[in-house]
Amino acid sequence: MVQSILVTGANKGLGFEAVRLLSAAFPRATIFLGTRSIANGEKALAKLRAESLGRHVQVLEIDVADVNSIKHASEEIRATTQSLDVLINNAAILLPTANPEDIKAVLDVNLFGLKNVIDAFLLLMPSAATIINVYSEIGAGVHYRLPQDLQQVLENINTLSWTQIEALANDYQSTQPQYAWHSNGTVHSYGASKVLMNAFSRLLANDQPDLRVFAVCPGYCDTDMNGHAGFRSPVAGAFSIVWPLLNIGLSSGLFYRDGQPLPFSSVKMAETEGGNTPDPNDEYWY
Numbered sequence: 000m001v002q003s004i005l006v007t008g009a010n011k012g013l014g015f016e017a018v019r020l021l022s023a024a025f026p027r028a029t030i031f032l033g034t035r036s037i038a039n040g041e042k043a044l045a046k047l048r049a050e051s052l053g054r055h056v057q058v059l060e061i062d063v064a065d066v067n068s069i070k071h072a073s074e075e076i077r078a079t080t081q082s083l084d085v086l087i088n089n090a091a092i093l094l095p096t097a098n099p100e101d102i103k104a105v106l107d108v109n110l111f112g113l114k115n116v117i118d119a120f121l122l123l124m125p126s127a128a129t130i131i132n133v134y135s136e137i138g139a140g141v142h143y144r145l146p147q148d149l150q151q152v153l154e155n156i157n158t159l160s161w162t163q164i165e166a167l168a169n170d171y172q173s174t175q176p177q178y179a180w181h182s183n184g185t186v187h188s189y190g191a192s193k194v195l196m197n198a199f200s201r202l203l204a205n206d207q208p209d210l211r212v213f214a215v216c217p218g219y220c221d222t223d224m225n226g227h228a229g230f231r232s233p234v235a236g237a238f239s240i241v242w243p244l245l246n247i248g249l250s251s252g253l254f255y256r257d258g259q260p261l262p263f264s265s266v267k268m269a270e271t272e273g274g275n276t277p278d279p280n281d282e283y284w285y
């Protein structure tokens with residue numbers, strides 16, 4: 000039985016819609032609405048209450064780029080519910096520039112922040128708990144365009160380690176990288192962060208077989224992150240995110256959208272990454 004859920008980055012957009020869906024699906028569960036700003040979180044909670052939802056939703060201050068904030072959030076959940084049944088890692092940022100400061104900021108949130116959140120909350124998670132990492136088919140397109148030697152490192156789950164993933168993140172930021180990240184087109188920081196995040200998600204599923212670990216794609220949704228250019232509603236995207244909680248038949252360690260398994264490496268998304276506009280009728284959205 001699901002009794003406690005944390006959604007990071009939940010004061011707006013996909014995270015907020017996920018909390019709304021979960022508060023309806025699990026009305027007795029304590030749901031922590033993770034947000035960097037308590038004020039923004041309280042505004043989001045007021046919206047839920049206005050819809051007669053969110054009775055057991057609590058605002059939780061958590062900045063996934065700040066290890067002290069993560070530590071305080073985990074202590075608050077321990078004091079409130081003693082354990083955590085579901086962790087949804089939704090918080091992410093996209094910065095369009097390629098300057099070193101922005102690249103580091105994206106990796107600090109989308110990769111290292113996610114890792115630090117999982118490390119902190121694993122201590123509170125029972126066997127058969129669920130971790131949902133919000134991925135993107137952008138990552139699948141980027142993965143397809145990476146040089147073969149780098150793809151092989153990322154795909155060999157038997158030799159992959161967090162130390163390797165961390166080294167690859169540093170290599171991506173290096174002025175003299177070991178791997179030719181951009182040999183088949185520029186790999187922006189968001190795409191690189193998602194490729195490495197997915198590798199960690201698969202590694203986590205392999206190392207923690209008692210947990211249910213999923214990477215999910217919400218689709219190309221109408222959100223602040225893309226300037227509201229997406230053709231899919233945030234509600235539809237949120238359904239994709241929470242799908243593994245509502246359908247127990249999905250296999251841990253895989254990548255899904257709307258409950259359908261997707262490839263970690265996609266030529267279709269590589270073409271989209273190359274500059275083509277996503278088509279809502281295509282098989283793959285990001």
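Counting with numbering that gives the first Met the number 0, you get residues 0 to 285 for the letters of the sequence shown. Heads up, the beta-carbon is just placed ideally off N, CA and C, and yes, glycines get one too.
Apart from the five residues on each side of it in sequence, which residues of its chain come closer than 7 Å, Cβ to Cβ, to residue 19? 47 and 52
Please tell me whether residue 7 and residue 116 are closer than 8 Å, where the distance is taken between their beta carbons. yes
Identify the residues that DSSP records as bridge partners of residue 331: which are they? Residue 331 lies beyond the stretch modelled for the chain, which goes from 0 to 285, so this question has no answer here.
Let's test the definition: count the other Cβ atoms within 10 Å of the Cβ of residue 148 and tell me whether it reaches 16, buried, or not, exposed. exposed
C-beta contact flag for residue 233 and residue 93 at 8 Å: no
Measure the Cβ-Cβ separation of residue 3 and residue 102 and say whether it is below 8 Å. With respect to residue 102, residue 3 sits apart: the two C-beta atoms are not nearer than 8 Å.
At least 3 beta-carbon pairs within less than 8 Å: the segment 194 to 214 vs the segment 245 to 263: yes
Measure the alpha-carbon distance for residue 30 versus residue 89 and round it to whole angstroms. 14 Å
Length of the line joining the Cα atoms of residue 44 and residue 185: 40 Å
Could you pull out every unbroken alpha helix (DSSP H) segment of at least 4 residues lying fully inside the segment 78 to 145, listed in chain order? Entirely contained in the segment 78 to 145, the alpha helix (DSSP H) runs reaching 4 residues are, in chain order, 99 to 106, 113 to 121 and 136 to 144.
8 Å Cβ cutoff, residue 177 in contact with chain C: Absent from the structure is chain C; it holds one protein chain and no more.
I'd like to confirm the pairing. Which residues does DSSP put opposite residue 213 in its beta bridges? The partner list for residue 213 (beta bridge, DSSP) reads 131.
Residue 79 versus residue 265 - alpha carbon distance: 42 Å
Is the beta carbon of residue 128 closer than 8 Å to that of residue 84? yes
Do three or more CB pairs link the segment 195 to 210 to the segment 129 to 146 at distances below 8 Å? yes
Are there 16 or more other CB atoms within 10 angstroms of the CB of residue 0, so buried, or fewer, so exposed? It counts as exposed.
May I ask which residues mark the beginning and end of the beta strand (DSSP E) holding residue 289? With the chain represented from 0 up to 285, any question about residue 289 goes unanswered, as that position is not in the structure.
Which residue comes first and which comes last in the alpha helix (DSSP H) that contains residue 240? 233 to 245
Distance, residue 143 Cα to residue 273 Cα: Its pLDDT being 40, under 50, residue 273 is placed unreliably in this model, and the coordinates cannot settle the point.
Residue 282: buried (16+ other C-beta within 10 angstroms of its C-beta) or exposed? Caution applies to residue 282, whose pLDDT of 32 falls short of 50 and renders its modelled position unreliable; the model cannot decide the point.
Given that a residue counts as buried once 16 or more other Cβ atoms are within 10 Å of its Cβ, and exposed if not, what is residue 245? exposed
Just the Cα atoms here: how many angstroms apart are residue 238 and residue 255? 12 Å
To the nearest whole angstrom, what separates the beta carbons of residue 91 and residue 67, a pair I think is in contact under 8 Å? Not a contact, Cβ separation roughly 20 Å.
Option in 100, 217, 96 and 32 with minimal Cα separation from residue 138: 217
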